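As C-alpha cells, the structure follows; a few thoughts come after it.
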Amino acid sequence: VPTLIADDDDDPENRIAKKMLLAQIKANYSSG
Amino acid sequence: TESHILQLENQRLFAEFLEHCANHTQDCPEVMTFLRAKHTKASPEFLSSVEFRNTLGRCLTRAQSGRAKTFVYINELCTVLKQHAAKKRQAVVTLEP
Chain A
1 VPTLIADDDD DPENRIAKKM LLAQIKANYS SG
Chain B
101 TESHILQLEN QRLFAEFLEH CANHTQDCPE VMTFLRAKHT KASPEFLSSV EFRNTLGRCL
161 TRAQSGRAKT FVYINELCTV LKQHAAKKRQ AVVTLEP
C-alpha cells in the first residue's frame, strides 16, 4: 500500500504559484 | 540610524526566509535563484523599509507555520520585490544655454 505523504504539490494554490514562478523564470531566460 | 537598523533586520529576515524555503524547493532550486535576483534588483530604499519588513515577516511566519504554501509566499515576495525594482539610471543630457 503506497504511503501518502503530504507535500507542497497537494495544495492547489501552491501548485499555481509554483507554475507562475516557473513561467516567469522561463520567460526571463528566453528574453535575455 | 533607523534606516540602517531596518536594513540589517530585513537582511536577517530575508536570509531566514531563504533558508526555510530552500528546504522545500529542492525540486526546482531555480526559484530561489530567481527570488535572490529580485532581491538584488530591488531599490535600497525599499529593502530598508518598514513595508518590506512587514511583508517579509508575514511571509516568513506563515511559511514556518505550514509548508504547504511555500511557493505562494515566494511568489508574493517576488511580486513585491518586482514592484519595487530599482529604476534604471537614465541618460541625462544637459544642454548648455
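Sequences listed follow chains A and B, in order. Residues 1 to 32 (our numbering) make up the first sequence, in order. Residues 101 to 197 (our numbering) make up the second sequence, in order. Note that CB positions come from ideal geometry on N, CA and C, so glycine has one too. All of these numbers come straight from a predicted model, not from anything done at the bench.
Taking a Cβ distance cut-off of 7 Å, strictly less, list which residues of the segment 105-139 of chain B are near chain A, in chain order. Residues passing the 7 Å Cβ filter: HIS124, CYS128, GLU130, VAL131, PHE134.
CB of ARG153 (chain B) to nearest heavy atom of the ligand HEM: below 7 Å? With respect to the ligand HEM, the structure shown offers nothing to examine, as it has no ligands at all.
Could you name the residues of the same chain whose beta carbon sits closer than 7 Å to that of HIS184 (chain B), not counting the 5 residues immediately before and after it, in chain order? Taken in chain order, the residues that qualify are ALA142, SER143, PHE146.
At a CB-CB cut-off below 9 Å, which residues of chain B make contact with ALA17 (chain A)? Going along chain B in sequence order, the residues near ALA17 (chain A) (Cβ under 9 Å) are LYS169, THR170, PHE171, VAL172, TYR173, ILE174, ASN175, GLU176.
For GLN126 (chain B), the nearest candidate out of A:GLU13, A:LYS18, A:PRO12 (CA to CA): Measuring C-alpha to C-alpha distances from GLN126 (chain B) to each of A:GLU13, A:LYS18, A:PRO12 identifies A:LYS18 as the nearest.
Is the segment 111-124 of chain B touching the segment 23-31 of chain A in the sense that three or more CB pairs, one from each, lie closer than 8 Å? Proximity of the segment 23-31 of chain A to the segment 111-124 of chain B falls short of the contact definition, fewer than three beta-carbon pairs being nearer than 8 Å.
So, is TYR29 (chain A) buried or exposed, given that buried needs 16 or more other C-beta atoms within 10 angstroms? Exposed, by the Cβ-count rule.
Go ahead and pull the three-state DSSP assignment for ALA186 (chain B). Correct three-state label for ALA186 (chain B): coil.
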